[in-house]
Structure formats: C-alpha cells, structure tokens
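Peer 1:
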C-alpha cells in the first residue's frame with residue numbers, strides 16, 4: 010500500500026519478520042524493515058495524529074538509511 014508524507018511516497022508491506030517500508034529518496038531506492046508491527050498499524054490508523062507521527066518515524070528512518078550508505 011502506498012503512503013504519502015510530505016514530498017515522499019513510500020510503500021508499506023508486511024514481511025516474515027515484521028513490516029517493510031520502501032521509498033525512493035533522492036533518486037535512490039531505500040528500504041527500511043521493522044519488527045515492530047505497531048508502526049505498520051499506526052500508519053493506517055484512523056487517529057490522524059498517530060498516523061502522522063508513524064509516517065514521520067518511517068521518513069526519518071528512510072532518510073537515515075540513505076545517509077548510512079551515501080557518506081562522502
């Protein structure tokens with residue numbers, strides 16, 4: 010399922026270990042996996058504050074993963 014947060018769109022999917030979030034950040038594919046299924050549930054929550062907070066957590070983790078692999 011595709012989710013939009015700010016200018017970034019990411020895909021959320023359940024995996025064997027938990028959940029996986031894929032995004033295109035600065036033209037590069039970045040994936041973030043979490044064992045915490047509550048993060049996946051919170052993204053699709055009816056509570057807008059909870060959903061927005063979960064999306065921010067995912068965005069920050071995707072950004073962190075990008076800069077982990079693209080250090081200058």
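Numbering (the working numbering), first residue to last: 10 to 81.
Cβ atoms here follow ideal geometry from the backbone N, Cα and C, with glycine treated the same way.
Just so it is clear, the structure is predicted and the values come from calculations on it, not from any experiment.
Taking only three categories from DSSP, how would you classify residue 25?
Peer 2: What you label residue 25 is simply residue 16 of the chain shown in a count that begins at 1. DSSP, reduced to helix, strand and coil, places residue 25 outside both helices and strands of the structure shown, so it counts as coil.
Peer 1: According to DSSP, what are the bridge partners of residue 18?
Peer 2: Locating residue 18 in the chain shown gives position 9, counting from the first residue. Beta-bridge partners assigned by DSSP to residue 18: 13.
Peer 1: Does DSSP put residue 45 in a helix, in a strand, or in coil?
Peer 2: Within the chain shown, residue 45 is the residue found at index 36, counting from 1. In this structure, residue 45 counts as coil in the three-state DSSP scheme.
Peer 1: What span of residues does the alpha helix (DSSP H) with residue 58 cover, start to end?
Peer 2: Working through the chain shown from its first residue, we reach residue 58 at position 49. First-last of the alpha helix (DSSP H) with residue 58: 57-78.
Peer 1: Output the distance between the C-alpha atoms of residue 61 and residue 21, rounded to the nearest integer angstrom.
Peer 2: In the chain shown, counting from the first residue as 1, residue 61 sits at position 52. In the chain shown, counting from the first residue as 1, residue 21 sits at position 12. A straight line joining the alpha-carbon of residue 61 with that of residue 21 spans about 14 Å.
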